[in-house]
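Input: a single structure, listed below in structure tokens.
In the working numbering, the protein residues as written are 4 to 131.
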């Protein structure tokens, strides 16, 4: 592991501050839970369960499908707001569009017709 450290990019701690972003908070808690579990399993058995890692992978996929495939951070949202007005295609559940709207950006978000109706009626992220 020590040999790999120089190749790994450093992660700026300020990027992981919640700043009112529930998905980022959820993601951080899941990573801490999964990491702690795998570390404990490795510490005791010097192995990890394939069933458990498959379960974690499925849960990660479920989170991405329920929220977004990328996690909005305050820095990313601020940068995008500076380029408003914006158009988001394949907006999924509207997580990014809603976060941008809450920060005052002018956003048009598009997905399927059913999604667009749900998003417009709810004034924000459909189902989330």
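Yeah, the Cβ is synthetic: ideal placement off N, Cα and C, and Gly gets one too.
Query	Result
Might you give, ordered along the chain, the residues of its own chain that have their beta carbon closer than 8 angstroms to the beta carbon of residue 74, omitting 5 neighbours on each side?	24, 26, 27, 30
On the DSSP letters alone, give me the boundaries of the alpha helix (DSSP H) that residue 92 sits inside.	Unbroken run through residue 92 is the beta strand (DSSP E), 89 to 92; no alpha helix (DSSP H).
Going by CA-CA distance only, name the one from 111, 48, 71 that's closest to residue 87.	111
For residue 83 and residue 93, I'd like the C-alpha separation in whole angstroms.	17 angstroms
Can you tell me which residues form a DSSP beta bridge with residue 110?	89
Below 8 angstroms between beta carbons: does that hold for residue 106 and residue 89?	no
What are the start and end residues of the alpha helix (DSSP H) that includes residue 38?	25 to 48
So, with DSSP's three-state summary, where would you put residue 115?	coil
Is the beta carbon of residue 41 sitting closer than 8 angstroms to the one on residue 51?	yes
Which residues mark the beginning and the end of the alpha helix (DSSP H) in which residue 77 is found?	77 to 84
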